[in-house]
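Here the structure comes first, spelled out in structure tokens, and everything after it is commentary.
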Amino acid sequence: MLYKDSMTEPPPLFVQLDKLEKNENQEYLYWKEKARWIRFEEQAEDALGRWSKPYVATIPQSALDELKQLIINGRVCLSVNASDIKEIADVLANELLDYFNDYDSARIFAEIVCLPHHHHHEKRVRKTASGNNLMRMVSSANFQDFKREENVIDENNVSQNEQISNPMRRRMSFVDNVTLDESVAPDFKENTKFRKKVHRKAEGASILVMPVEFVTKTQLVFIRLEAATELQGLLEVRLRSRFVVLLIGPAERHVHLYEIGRALAACLADDLCRELFYAAKTKENCVETIDRFNRCTLVIPPSEWNPKIRIEPPEKYLSKEERKNVEEISEFIHGDDDFLNDHDHVDPSLKGSRRPFRGISEDIRRKLPFYLSDFTDGLNLQCVASTMYVYLVTLCSLVAFGGMLGEKTNKLMATMECILAGSVCGVAFSLFAGQPLNIISATGPMLILEGIIKTLCDKNGIDYMEFRLWIGLWTALLIVVFVAFNLSFLVKYITRFTEDSFATLVAVIFIFDAIKSTLKLKQLPKEFLDKIANETHLNRTFNESPTQLQIAIHEKNYFFSILLFLLTFFVCITLKQFRTKPFLPSKIREIFSDFAVMIAIVLASLLDKYMGFETQKLTIPSKFQPTTAERGWIIPLFGKNPFYTIFIAIIPALIATILVFMDQQITGVIVNRKEFKLKKSSGYHLDLFIVGVGIALCSILGLPWFVAATVLALAHVDSLRLMSENAAPGERPIFMGVREQRATTFVMSILIGLSVFLNSILSNIPMAVLYGVFMFMGVSALNGMQFIQRLLIIFMPAKHQPDLPYLRHVSLGKVHLFTIIQLLSLVLLYLIKNIESVAITFPILVLATCLIRKLLDFVFTQRELFWLDDLLPGGKKNNDNSSNPEKQKLTGGKVDLSADSFFKNESEKSISIRPVTKSHEKEMKDLFSSTNSNLDYDTDSNEPSVTIRFSDSLDENNNNNNSFNVNSTKNNHHHHHPPPVKFVTHFSEIKEDED
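Using my numbering, read the sequence shown as starting at -18 and increasing by one per residue.
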């Protein structure tokens, strides 16, 4: 089945270029594999079996020009039926009869085509009798001696000459005397190692470059088989061949012939041109494909490049979809004029609605189809590694948070309460949340809020746990109100400015706390020092006093803890990046990368055990009971505080609600970023509701309030990154998305609860090792953040600055101004968080970053904000068309209103219009974006089209002139309707009706 009449995408192509060669002693001829393509070119090196590193093919412009002429003047056969190489040789010889003009040359040519092919992975070249004979023929000084004399009249010669000159001649056979065993080596072995890199559905294309002495001009024959057929021995891997192309020419032009073959191979390996070759119906279609390839080809000036240098494959290249809608490469380089109309960072599911609970009901409806796969997708080794990684770092953060919380609440809530809350809230969130990739945990802002509430209660003689219970219940109620009124749609006003500021703040806190906690290890607990002092055998070893001995041992332990901290951090960083290194097979590299944190923790813990130093270890409660006997697991609603405190609790509940909303939703926005390529829908309303229920439950049980933790969530997402497999040689692994599932968070939450029973194992992990993991998490969260990039650019000279998109389109001064404003906002947030007297206003200031971003609309243009940030909803209307006169008027391009391009849908009362040429698409975008119309792509043809709905009153008088009054289908939920638009046959006549 050919793909010209099918909507099925053609399979990938493996392209192999073979050249006719002579052995070293000039004894025989054979076909030698010289180059191959899956996506990038690989050259066969002189060393046996060694291939060059894949590189971007650099092709002489003259080769491309001559290739086009050869296709125009050559033979193109697009529906050939052949089952083996002999039949292919017959087809080629018949097509070239006019070229040779005699039977003997065509016969010799056909026999050469049938010679065996030596592949680069094979150890030796097989000598054949036909190869030996043909070598003597084509190498003779007088080639005519080996041909029948044209002037000798005999029956066979007359018959052959008559058939050659007859335009209605029948196909002649040239290789009857060639056996298939001669054309295929009996010991042919497939390159099985390379076969793994070729797509399992790929087809083959062979390019045969044939420089010989008995021809004087260059000719090309392009064959596409009707049905893909395995031509045994032709390719180095067992594939069904679809294309066979022969280039024949004088031997003295062998270099140029080879370059023409490379040009055609690069064209066949190109994704878009491959589809066009499969769909071609005539020779003209093939010529158009070459023209398309030439228009999208960049030329390197000869004085600026050394052609012997091989260009490394890029990390990212244009996809087939990106190239389909342009005619020339310059449209990519300079074609960003319509960015405001095409860009939208807002999640389409975030819509305001007057119907109560519509948002959460839509979240549930979207998530239900994925619920079963959320668990089955977690059954793989990567999720096991992610679970253990997230479990250990979450447990460590809970232990550290519990210690600090215990100090602020006088042990009313501490590590035990944090572990129980982490397990209960984590299980509930993993089972019912809209975005289970989020990690629910204790956060720094919540710790600040708990400390402020405890201080206020102590000063006013109020029972802390009972007052906190009512704050939690009011907070949960307010969150339910937020969900009822669908207020999560306000998330669309959170742009990258706020996301990066908040994420950077949390990451910096992680880094600072990791360093600070490691330095605090110098101040060991008193009971630990007493334990060292009681070791009398050490006292007998040294003559120092017990106090001096304690100090000496303590300094050794502290120094070793610093080494463990640094060792863990660098092992995590190194192994996490090991996936992209050239060492070891890819599967092993992936395992090292996935289990990087686990390997680092195990190595550092074993080293600590081997060295025998008394470092501070992870301490976990061994029983399920409250930290202090002053409280139970259920907090009473009444009895200890005056009744009016129930209503006073509303005030701190408002602050807590703002904090929960901002903390939860900012983390949600960061996790749901488009660059993570999540395929399953988000669920902002559902996430917020589950968090509200969790806060109510934790308030009743006297547990800490848990929300989404930004750094932990980013660490979780990073551990589940999916990279492309079976990549073509030279092709970098492509980020495919994130493994979206619920299994990792569900199992992790259960393990958090079971940690109490795993104390004998977990107590062997030094705290310095876990602090090193914290440091790694903080640094990883900052990696790739645009704010950090812009901050570093401030200290770079212009010539050393990276080539980033926003530096191309925004002046350097504006970039620095935007960065400084964001930095000042970040510093203000950090200072407010660390000043206890004003720390309660921290949630308000996080919210204020959204207001600061809104004010930036008056400092920067929308174009500048597009490149530096995201555009706020409604901001794209402030387009800078005044500075672009060409956007203020439409040119006179015609719109085709024929049956193919204009049609009515009577059931929906809609029409669709496509532009005649690609140059008119921009005008259509400009026109319909200004009238709130909908510019979509037709799913069948991938052509730009405008679909609009008829107004109730259709002007019949204009029908004859192909003119209609219609209303836009886009934004019909708006309170006002867009004005009708008058469509006519010329863009220059299009205008809006005044009424």
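The beta-carbon is built from N, C-alpha and C at its ideal position, and this holds for glycine as well.
* Using the beta-carbon count (16 or more within 10 Å), is Trp614 buried or exposed? -> Looking up residue 614 in the sequence shown gives position 633. Counting Cβ neighbours within 10 Å, Trp614 comes out exposed, since fewer than 16 surround it.
* Go through its chain and collect everything with a Cβ distance to Ile490's Cβ below 7 Å, but skip five positions before and after it. => For this step, residue 490 is matched to residue 509 along the sequence shown. Closer than 7 Å at the Cβ level, and outside the excluded window around Ile490, lie Gly425.
* Asked: In three-state DSSP terms, what is Lys297?
  -> As a first step, residue 297 must be located in the sequence shown, where it is residue number 316. It is coil, neither helix nor strand.
* **Run of the alpha helix (DSSP H) containing Val190, from where it starts to where it stops** => Here residue 190 corresponds to residue number 209 of the sequence shown, with the count starting at 1. Per DSSP, Val190 belongs to no alpha helix (DSSP H); it is in the beta strand (DSSP E), 184 to 193.
* To do: Indicate the three-state DSSP secondary structure (helix, strand or coil) for Leu500 in the structure shown.
  => By 1-based counting over the sequence shown, the position of residue 500 is 519. Three-state result, Leu500: helix.
* To do: Identify the continuous alpha helix (DSSP H) that holds Gly407 and give its terminal residues.
  => The residue you call residue 407 lines up with position 426 of the sequence shown. Residues 396 to 413.
* For the alpha helix (DSSP H) containing Asp71, list its first residue and its last residue. => Residue numbering aside, residue 71 sits at position 90 when the sequence shown is read from its first letter. Note, Asp71: alpha helix (DSSP H), 66 to 76.
* Candidates Ile421, Thr596, Ala630, of which the one nearest Ile443 by Cα -> Mapped onto the sequence shown, residue 443 falls at position 462. Of Ile421, Thr596, Ala630, the residue nearest in Cα terms is Ala630.
* To do: Rank Ala208, Ile204, Arg20, Pro35 by C-alpha distance to the C-alpha of Leu977 and give the top, closest one.
  => Here the chain covers residues -18 to 976 and nothing more, so residue 977 does not appear.
* Taking C-beta to C-beta, are Phe410 and Ile400 nearer than 7 Å? -> Here residue 410 is taken as the residue at index 429 of the sequence shown, counted from 1. Here residue 400 is taken as the residue at index 419 of the sequence shown, counted from 1. No, they are not a contact pair.
* To do: Answer yes if the segment 41 to 58 comes into contact with the segment 258 to 267, meaning at least three C-beta pairs across the two stretches below 8 Å, and no otherwise.
  => yes
* **Exposure label - Pro607; buried when at least 16 CB within 10 Å** => Taking the sequence shown and counting its residues from 1, one reaches residue 607 at position 626. Counting Cβ neighbours within 10 Å, Pro607 comes out buried, since at least 16 surround it.
* **Local conformation of Lys0 per DSSP, three classes** => For the purposes of this step, residue 0 is taken as the residue at position 19 of the sequence shown. Strand, per DSSP.
* Going by beta carbon distance, what residues of the same chain come within less than 7 Å of Ser146, once the five residues before and after it are set aside? -> Along the sequence shown, read from residue 1 onward, the residue named residue 146 stands at position 165. Bear in mind that a pLDDT of 41 at Ser146, under 50, signals an unreliable position, so the model cannot answer this.
* Asked: According to DSSP, is Ala122 helix, strand or coil?
  -> Taking the sequence shown and counting its residues from 1, one reaches residue 122 at position 141. Annotation note: pLDDT 41 at Ala122 (below 50); position unreliable, no value reported.
* Quick one, which of Leu189, Asp79, Pro(-9), Val179 has its alpha-carbon nearest Lys13's? -> Working through the sequence shown from its first residue, we reach residue 13 at position 32. Per the Cα distances, Leu189.
* Asked: For Ile746 versus Ser498, is the C-beta distance shorter than 7 Å?
  -> Counting from 1 along the sequence shown, the entry for residue 746 is found at position 765. Counting from 1 along the sequence shown, the entry for residue 498 is found at position 517. Not in contact: Ile746 and Ser498 (Cβ atoms no closer than 7 Å).
* Touch test, the segment 654 to 664 against the segment 682 to 697, Cβ-Cβ under 8 Å, three pairs minimum -> no
* **Contact check, Val674 vs Thr549, beta carbons under 7 Å** => To locate residue 674, count along the sequence shown from 1; it is residue 693. To locate residue 549, count along the sequence shown from 1; it is residue 568. Not a contact, by the Cβ cut-off of 7 Å.
* What's the gap between the Cα of Val719 and the Cα of Cys95? -> In the sequence shown, counting from the first residue as 1, residue 719 sits at position 738. In the sequence shown, counting from the first residue as 1, residue 95 sits at position 114. If you take the alpha carbons of Val719 and Cys95, they lie about 50 Å apart.
* In three-state terms, what does DSSP make of Gln722? -> For the purposes of this step, residue 722 is taken as residue 741 along the sequence shown, with counting starting at 1. Residue state, collapsed to three classes: coil.
* Residue span of the beta strand (DSSP E) that contains Ile629, given as start and end -> Translated into the one-based positions of the sequence shown, residue 629 becomes position 648. Ile629 -> not in any beta strand (DSSP E); alpha helix (DSSP H) instead, spanning 626 to 629.
* Run the CB neighbour count on Leu253, radius 10 Å, all protein chains shown included, and call it buried at 16 or more, exposed below. => To locate residue 253, count along the sequence shown from 1; it is residue 272. Leu253 should be labelled buried.
* Should the segment 679 to 688 be called in touch with the segment 351 to 365, which here means at least 3 C-beta pairs below 8 Å? -> no
* Asked: Counting Cβ pairs closer than 8 Å, one from the segment 697 to 707 and one from the segment 331 to 345, do we hit at least three?
  -> no
* Asked: Using the beta-carbon count (16 or more within 10 Å), is Gly387 buried or exposed?
  -> Within the sequence shown, the letter at position 406 stands for residue 387. Gly387 is buried by the Cβ-count criterion.
* Between the Cα of Arg255 and the Cα atoms of Thr263, Phe274, Leu238, which residue gives the shortest distance? -> The count along the sequence shown starts at 1 and reaches residue 255 at position 274. Among Thr263, Phe274, Leu238, the Cα nearest to that of Arg255 belongs to Phe274.
* To do: May I ask which residues mark the beginning and end of the alpha helix (DSSP H) holding Val578?
  => As a first step, residue 578 is located in the sequence shown; it is residue number 597 there, counting from the start. 577 to 592 is the extent of the alpha helix (DSSP H) around Val578.
* Who are the near neighbours of Ala465 in its chain, counting only those whose CB is closer than 7 Å to its CB and skipping five residues on each side? -> Position 484 of the sequence shown, counted from the first residue, corresponds to residue 465. Taken in chain order, the residues that qualify are Pro337, Phe338.
* Asked: What did DSSP end up calling Gln200 once you bin it into helix, strand or coil?
  -> Taking the first residue of the sequence shown as position 1, residue 200 is located at position 219. Residue state, collapsed to three classes: strand.
* Contacts around Gly453, its chain only, beta-carbon distance under 7 Å, and the 5 residues preceding and following it disregarded -> Along the sequence shown, one-based indexing puts residue 453 at 472. Counting only Cβ-Cβ distances below 7 Å, and skipping sequence neighbours, we find Ile676, Ala677, Cys679, Ser680, Trp686.
* To do: Using three-state DSSP, classify Thr210 as helix, strand or coil.
  => Position 229 of the sequence shown holds residue 210. Strand, per DSSP.
* What's the gap between the Cα of Thr210 and the Cα of Ile89? -> As a position in the sequence shown, residue 210 is number 229, starting the count at 1. As a position in the sequence shown, residue 89 is number 108, starting the count at 1. Using only the alpha carbons, I get a separation of about 25 Å.
* Report, in whole angstroms, the separation of the C-beta atoms of Lys795 and Glu845, which I expect to be a contact under 8 Å. => Translated into the one-based positions of the sequence shown, residue 795 becomes position 814. Translated into the one-based positions of the sequence shown, residue 845 becomes position 864. Rounded, the Cβ-Cβ distance is 6 Å, consistent with contact.
* Asked: With 16 other CB atoms within 10 Å as the buried threshold, where does Ala696 fall?
  -> For the purposes of this step, residue 696 is identified with residue 715 of the sequence shown, where counting begins at 1. Answer is buried; the Cβ neighbour count reaches 16.
* **Alpha-carbon spacing of Thr561 relative to Leu701, whole angstroms** => Numbered from 1 along the sequence shown, position 580 holds the residue referred to as residue 561. Numbered from 1 along the sequence shown, position 720 holds the residue referred to as residue 701. So the alpha carbons of these two residues sit roughly 16 Å apart.
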